[in-house]
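Asker:
2 protein chains.
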Amino acid sequence: MSDATAAVCCSEILTIGDEILRGDVVNENAAHIGRALAEAGVPARFSSVIPDDLEAITEAIRQALARAQVIVVTGGLGPTPDDLTRDAVASCFGFPLVEDAALLTHVRELFRQRGMAMPETSRNQALFPVGARQIPNAHGTATGIHVICDGRHLFALPGVAIEMRQMTDEYVKPAVQAAFADAQVRTRTLRLSGIGESHLLEQLGDQTEVSALVRIAYLPHHGLLDLRLTALSPDEYEAAAQIAFAEGFIRERVGGHVYATGSTSLAEVIGNILMNRCQKLATAESCTGGLVADMLTNVPGASRWFERGWITYSNPSKNEDLNVPGGMLDEHGAVSESVARAMAEGARHRAGTDWALSCTGIAGPTGGSAEKPVGTVWIAVAAEGGVWARHLKFSGLRETIKLRTAHAALSFLYQHLLETRA
Amino acid sequence: MSDATAAVCCSEILTIGDEILRGDVVNENAAHIGRALAEAGVPARFSSVIPDDLEAITEAIRQALARAQVIVVTGGLGPTPDDLTRDAVASCFGFPLVEDAALLTHVRELFRQRGMAMPETSRNQALFPVGARQIPNAHGTATGIHVICDGRHLFALPGVAIEMRQMTDEYVKPAVQAAFADAQVRTRTLRLSGIGESHLLEQLGDQTEVSALVRIAYLPHHGLLDLRLTALSPDEYEAAAQIAFAEGFIRERVGGHVYATGSTSLAEVIGNILMNRCQKLATAESCTGGLVADMLTNVPGASRWFERGWITYSNPSKNEDLNVPGGMLDEHGAVSESVARAMAEGARHRAGTDWALSCTGIAGPTGGSAEKPVGTVWIAVAAEGGVWARHLKFSGLRETIKLRTAHAALSFLYQHLLETRA
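Top line first, the protein sequences correspond to chains A and B. In this text, residue positions in the first sequence follow numbering that gives the first Met the number 0: the first is 0, and each later residue adds one. In this text, residue positions in the second sequence follow numbering that gives the first Met the number 0: the first is 0, and each later residue adds one.
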């Protein structure tokens with residue numbers, strides 16, 4: 000790392016755990032912490048995963064302290080013998096580990112609330128490095144550790160997602176914001192649907208003028224695309240102007256594809272439109288198997304605009320629950336334009352909703368044919384004004400095809416919601 | 000890193016991209032590569048995320064080459080200006096980057112197949128470091144890079160998941176297995192449901208005998224728990240015996256909780272049981288909003304045992320689609336034992352299946368009350384022999400409550416499938 004990069008205020012994330020290195024667990028914790036640190040204005044410059052090994056953890060913390068102002072460690076605070084973060088932090092700063100009476104009471108109380116006696120193995124949850132600050136853990140027994148030393152902040156959090164998230168959001172992020180208030184970096188994310196990376200670059204054309212002011216990162220997500228803009232100026236007001244210029248440049252060229260800014264999901268945007276119009280939606284899924292409804296119902300308050308859904312995996316269910324004619328299924332097959340349309344119309348009729356969205360396709364790996372290979376998909380939208388269908392062709396693994404189909408279906412619904420202004 | 004650890008044959012994963020550091024994208028790629036490397040017998044000892052910065056990438060590759068025998072880099076091979084991995088690899092090994100005529104034809108052909116002309120920005124996809132081997136990319140324009148130098152192997156793959164996965168599985172993993180055939184590490188994963196980490200430790204009791212032979216990692220996943228056993232002996236036969244001893248030790252104490260070994264999911268186990276018995280399943284979901292059906296339909300061939308599902312988000316849908324009596328909904332509320340039972344019975348009856356699984360609850364953040372707070376959940380299973388219900392209480396964010404409910408529902412169904420031997 001050069002002196003130039005070290006001079007910029009930055010953070011570093013250390014995730015502890017063999018399970019992450021082996022890929023048994025996907026590192027969602029680092030993503031959550033990364034977002035919080037970016038939003039707090041001290042973005043991560045480096046992120047690493049360290050095995051459950053005292054020497055490796057201690058060495059990683061030492062290295063991180065040498066190049067970052069904020070270090071967030073997650074994992075290794077639990078009660079099992081491979082939980083070594085507490086010892087590594089104590090060793091790095093030369094703090095003794097002592098049993099804390101108040102923490103012991105807290106741990107006992109948590110077990111009591113769950114109707115259990117505290118296992119003796121959990122007693123180490125009350126050990127805490129003298130000289131560090133405690134980060135309260137509302138959901139579990141592992142108390143977080145906050146050390147301030149030479150203007151650097153180290154936070155050690157448990158690896159259990161709900162505990163780590165709550166402690167990051169309620170303690171780490173405000174503490175970093177307060178300590179590095181002057182380091183805010185201006186960033187903005189534009190979220191696009193219906194355009195790929197290569198053709199976006201073509202539509203944008205010559206970016207010389209923009210790239211002198213902002214840095215653009217291209218983040219594709221299975222058919223959706225995010226553009227993350229980061230202003231180059233360290234000055235707050237100049238940075239805001241740079242972002243505004245770049246956003247104007249992009250919207251002028253591909254504005255029709257921008258469905259949101261920030262972290263708002265396509266499902267949320269759809270939900271907001273429906274809620275504002277007092278309209279309701281039903282879904283009828285075959286190949287996505289509930290994934291579209293799952294995405295929609297991840298939006299808090301979805302019950303105000305999502306009425307119901309069907310997963311009509313078999314032909315009889317398409318016929319019985321959605322009134323898709325048996326003869327149509329025989330003649331065209333379940334993966335066909337007519338069946339996609341009939342599913343959407345049937346769902347809208349049966350649910351009595353303003354809108355219905357359907358998908359039917361072959362997610363694979365089996366079930367394909369020469370005429371309809373794996374990845375063949377039909378989606379349809381039904382509303383008062385008509386029924387629209389689209390044919391899609393995807394490649395990839397079963398879960399990828401499900402995901403791309405679900406994103407394409409939501410994009411298709413969004414487009415028709417926009418075209419049918421209330 | 001000590002000499003002792005450097006002497007062990009190990010690998011290292013470098014993920015390139017600001018989007019991962021900022022948490023815009025979860026690092027699923029590193030998990031996939033980590034699994035492949037562990038299975039190939041050269042587990043990752045270190046994994047890091049590097050910004051889109053030529054100097055940082057080059058430095059990270061140099062460091063990795065100094066401590067690992069296998070380095071897998073993912074990301075930064077695309078056509079955009081922030082794709083810098085190709086340049087970093089060329090610079091590390093002193094290889095010139097030259098336009099490869101065959102690669103250019105390949106890139107043009109891929110665009111032609113999609114009915115598009117190759118954008119000029121994608122021409123850099125044909126640049127390749129002279130002296131490296133090409134890793135074919137069936138799904139995209141970025142060719143992977145394989146360098147062998149001083150007995151070390153570096154693989155650079157694109158960050159697009161489907162491309163990275165196919166290249167990891169079909170090229171990297173076999174190449175690593177072939178090059179490090181004598182380094183196989185014996186590992187085994189036992190997957191448990193219905194038991195937490197603390198109480199598992201209590202049930203296991205004194206582990207001295209086992210821990211002299213194997214290392215055990217505890218991997219909780221929202222109510223499910225994996226135990227990863229790694230044999231300590233470098234000898235293949237001795238390692239197999241160590242794993243067998245540890246597995247016997249664990250099964251003797253908590254065998255009733257072990258639903259699978261390896262990477263088999265609970266949904267797959269359920270599907271296999273149903274398929275072997277020629278039985279079918281239907282689902283009726285409220286608070287999980289399709290997540291249970293999504294998990295079940297992620298299993299290839301699910302259509303042979305999954306008949307259909309309902310997402311009855313509204314009260315009218317519970318009544319109309321599942322015959323839940325309106326009076327019951329009024330009297331007990333949608334989140335109640337009687338409604339969970341009626342949903343499962345209604346789904347089984349309407350779908351004509353052997354089994355039905357239901358869940359109803361309050362996922363939050365709104366909708367809770369003093370009597371029924373957020374996280375209150377009822378699940379039920381219906382079969383020929385009866386209907387069983389269970390009350391659950393979770394805390395956490397909306398998506399966490401959905402996930403824990405779905406896992407608990409699958410565990411509950413699994414338990415009743417076992418108790419009702421065909």
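Note that the Cβ used here is the ideal one computed from N, Cα and C, for glycine as well. Here the structure is a predicted model, which is why all the values come from computation and not from measurement.
Quick one: grab the DSSP three-state call for S1 of chain A.
Answerer: The sequence position of residue 1 of chain A within the first sequence is 2, counting from 1. Residue confidence is low: S1 of chain A scores 34 on pLDDT, short of 50, so the model does not pin down where it sits. Its coordinate-derived value is still stated next. Looking at S1 of chain A - three-state DSSP - the assignment turns out to be coil, as it is neither helix nor strand.
Asker: Can you tell me whether V129 of chain B is buried or exposed? The criterion is at least 16 other CB atoms within 10 Å of its CB, across all chains shown.
Answerer: Within the second sequence, the letter at position 130 stands for residue 129 of chain B. V129 of chain B is exposed by the Cβ-count criterion.
Asker: Since E196 of chain A and P219 of chain A should fall inside the 8 Å C-beta cutoff, what is the C-beta to C-beta distance between them, to a whole number of angstroms?
Answerer: Translated into the one-based positions of the first sequence, residue 196 of chain A becomes position 197. Translated into the one-based positions of the first sequence, residue 219 of chain A becomes position 220. That pair is a contact at about 6 Å.
Asker: If you draw a straight line from the C-alpha of G16 of chain B to the C-alpha of A382 of chain B, how long is it?
Answerer: Stepping through the second sequence from its first residue, residue 16 of chain B is reached at position 17. Stepping through the second sequence from its first residue, residue 382 of chain B is reached at position 383. About 50 Å.
Asker: Any C-beta of chain B within less than 9 Å: which residues of the region 308-332 of chain A qualify?
Answerer: Under the 9 Å Cβ criterion, the region 308-332 of chain A contributes G308, W309, I310, T311, Y312, S313, P315, S316, K317, E319 and D320.
Asker: Smallest Cα separation from G247 of chain B: which of B:A39, B:A63 and B:L203?
Answerer: As a working mapping, residue 247 of chain B is identified with position 248 in the second sequence. Comparing Cα positions, the closest option is B:L203.
Asker: Residues in its own chain within less than 7 Å of V213 of chain B by CB, not counting five upstream and five downstream?
Answerer: What you label residue 213 of chain B is simply residue 214 of the second sequence in a count that begins at 1. The answer, listed in chain order, is L228, T229, A230, L231, Q241, I242 and A245.
Asker: Count the other CB atoms, across all protein chains shown, that sit within 10 Å of the CB of S10 of chain A; report buried if there are 16 or more and exposed otherwise.
Answerer: Your numbering for residue 10 of chain A matches position 11 in the first sequence. Buried.
Asker: For R151 of chain A, I'd like the list of residues in its chain whose CB is within less than 8 Å of its CB, leaving aside the five on either flank, ordered along the chain.
Answerer: Numbered from 1 along the first sequence, position 152 holds the residue referred to as residue 151 of chain A. L64, A67, Q68, V69 and I70, listed in sequence order.
Asker: Can you give me, in chain order, the residues of the region 153-177 of chain A that have a beta carbon less than 8 Å from any beta carbon in chain B?
Answerer: V159, A160, I161 and R164
Asker: For the region 224-246 of chain A, list every residue whose C-beta sits within 9 Å of some C-beta in chain B, in sequence order.
Answerer: D225, R227 and T229
Asker: Based on Cα-Cα distance, which residue from A:V97, A:H138 and A:E208 lies nearest to L109 of chain A?
Answerer: Position 110 of the first sequence, counted from the start, is the residue given in the question as residue 109 of chain A. It is A:H138.
Asker: Is there a Cβ of chain B sitting closer than 8 Å to that of I269 of chain A, yes or no?
Answerer: As a position in the first sequence, residue 269 of chain A is number 270, starting the count at 1. Cβ-Cβ to chain B under 8 Å: no for I269 of chain A.
Asker: Identify the contact partners of S90 of chain B in chain A, using a Cβ-Cβ distance below 9 Å as the criterion.
Answerer: Your numbering for residue 90 of chain B matches position 91 in the second sequence. Correct list: empty, because the minimum Cβ distance to chain A is about 15 Å.
Asker: Below 9 Å on C-beta distance, what does A216 of chain A contact in chain B?
Answerer: The residue given as residue 216 of chain A occupies position 217 in the first sequence. Chain B residues near A216 of chain A: G16, D17, E18, R21, D23, D51, T79 and D81.
Asker: Hey, is V71 of chain A's beta-carbon within less than 8 Å of any beta-carbon in chain B?
Answerer: Within the first sequence, residue 71 of chain A is the residue found at index 72, counting from 1. For V71 of chain A, the answer is no, since every Cβ of chain B falls outside 8 Å of its Cβ.
Asker: With which residues is I194 of chain B paired in a DSSP beta bridge?
Answerer: Within the second sequence, residue 194 of chain B is the residue found at index 195, counting from 1. Note: I194 of chain B sits in no beta bridge, so no partner.
Asker: Between the alpha carbons of K392 of chain B and R403 of chain B, how many angstroms are there, rounded?
Answerer: Position 393 of the second sequence, counting from 1, holds the residue named residue 392 of chain B. Position 404 of the second sequence, counting from 1, holds the residue named residue 403 of chain B. Taking the straight line joining both Cα atoms gives about 10 Å.
Asker: Taking the alpha-carbon positions, what's the V386 of chain B to G74 of chain B distance?
Answerer: By 1-based counting over the second sequence, the position of residue 386 of chain B is 387. By 1-based counting over the second sequence, the position of residue 74 of chain B is 75. Their backbone Cα atoms lie some 50 Å apart in a straight line.
Asker: Could you confirm whether any beta carbon from chain B is found closer than 8 Å to the beta carbon of L200 of chain A?
Answerer: Working through the first sequence from its first residue, we reach residue 200 of chain A at position 201. So yes, L200 of chain A belongs to the interface.
Asker: What do you get for E251 of chain A, buried or exposed, if any count of 16 or more other CB atoms within 10 angstroms of its CB means buried?
Answerer: Position 252 of the first sequence holds residue 251 of chain A. It is exposed - the Cβ of E251 of chain A has fewer than 16 other Cβ atoms within 10 Å.
Asker: Would you mind telling me which residues of chain B sit closer than 9 Å to R34 of chain A, beta carbon to beta carbon, in chain order?
Answerer: Within the first sequence, numbered from 1, the residue matching residue 34 of chain A stands at position 35. Ordered by position in chain B, the residues that pass the 9 Å Cβ test against R34 of chain A are R21, G22 and D23.
Asker: Quickly, what does DSSP pair K392 of chain B with across the bridge? List them, please.
Answerer: Within the second sequence, the letter at position 393 stands for residue 392 of chain B. According to DSSP, K392 of chain B bridges with B:T375.
Asker: Between the region 363-380 of chain A and the region 313-328 of chain A, are three or more C-beta pairs nearer than 8 Å?
Answerer: no
Asker: Does the separation of the CB atoms of K279 of chain B and W304 of chain B fall below 8 Å?
Answerer: Position 280 of the second sequence, counted from the first residue, corresponds to residue 279 of chain B. Position 305 of the second sequence, counted from the first residue, corresponds to residue 304 of chain B. The answer is yes: Cβ separation under 8 Å.
Asker: Please compile the residues from chain A whose C-beta is within a distance smaller than 8 Å of the C-beta of E27 of chain B.
Answerer: Here residue 27 of chain B refers to the residue found at position 28 when the second sequence is read from its first residue. Residues of chain A passing the Cβ test: V25.
Asker: Could you check whether the Cβ of P372 of chain A sits closer than 8 Å to any Cβ belonging to chain B?
Answerer: Residue mapping note: residue 372 of chain A aligns to position 373 of the first sequence, counting from 1. No, its Cβ sits nowhere closer than 8 Å to a Cβ of chain B.
Asker: Determine, using beta carbons only, whether I134 of chain B and L102 of chain B come nearer to each other than 8 Å.
Answerer: Position 135 of the second sequence, counting from 1, holds the residue named residue 134 of chain B. Position 103 of the second sequence, counting from 1, holds the residue named residue 102 of chain B. In this structure, L102 of chain B does not lie closer than 8 Å to I134 of chain B by Cβ.
Asker: Between L53 of chain A and A87 of chain A, how many whole angstroms is the CB-CB distance? I'm expecting something under 8 Å.
Answerer: As a first step, residue 53 of chain A is located in the first sequence; it is residue number 54 there, counting from the start. As a first step, residue 87 of chain A is located in the first sequence; it is residue number 88 there, counting from the start. So it is a contact: roughly 6 Å between Cβ atoms.
Asker: Below 8 Å, can you find three or more Cβ-Cβ pairs linking the region 279-297 of chain A to the region 328-335 of chain B?
Answerer: With the cut-off at 8 Å, the region 279-297 of chain A and the region 328-335 of chain B do not touch.
Asker: Assuming contact is defined by CB atoms lying nearer than 8 Å, are S410 of chain A and L199 of chain A in contact in what I supplied?
Answerer: Translated into positions along the first sequence, residue 410 of chain A becomes position 411. Translated into positions along the first sequence, residue 199 of chain A becomes position 200. No, Cβ-Cβ distance for S410 of chain A and L199 of chain A is not below 8 Å.
Asker: What does the alpha-carbon distance come out to for the pair E215 of chain A and G261 of chain A?
Answerer: Here residue 215 of chain A refers to the residue found at position 216 of the first sequence. Here residue 261 of chain A refers to the residue found at position 262 of the first sequence. One point to set straight first is that residue 215 of chain A is Ile, not Glu, in the sequence displayed. It is roughly 14 Å from the alpha-carbon of I215 of chain A to the alpha-carbon of G261 of chain A.
Asker: Residues in the same chain with beta-carbon distance under 6 Å from S46 of chain B, minus the five sequence neighbours each way, listed in chain order, please.
Answerer: Your numbering for residue 46 of chain B matches position 47 in the second sequence. Only I12 and A29 meet the Cβ criterion.
Asker: Consult DSSP for T508 of chain A and reduce its assignment to one of helix, strand or coil.
Answerer: Chain A is shown only over 0 to 421; residue 508 of chain A falls outside these bounds and no answer can be derived.
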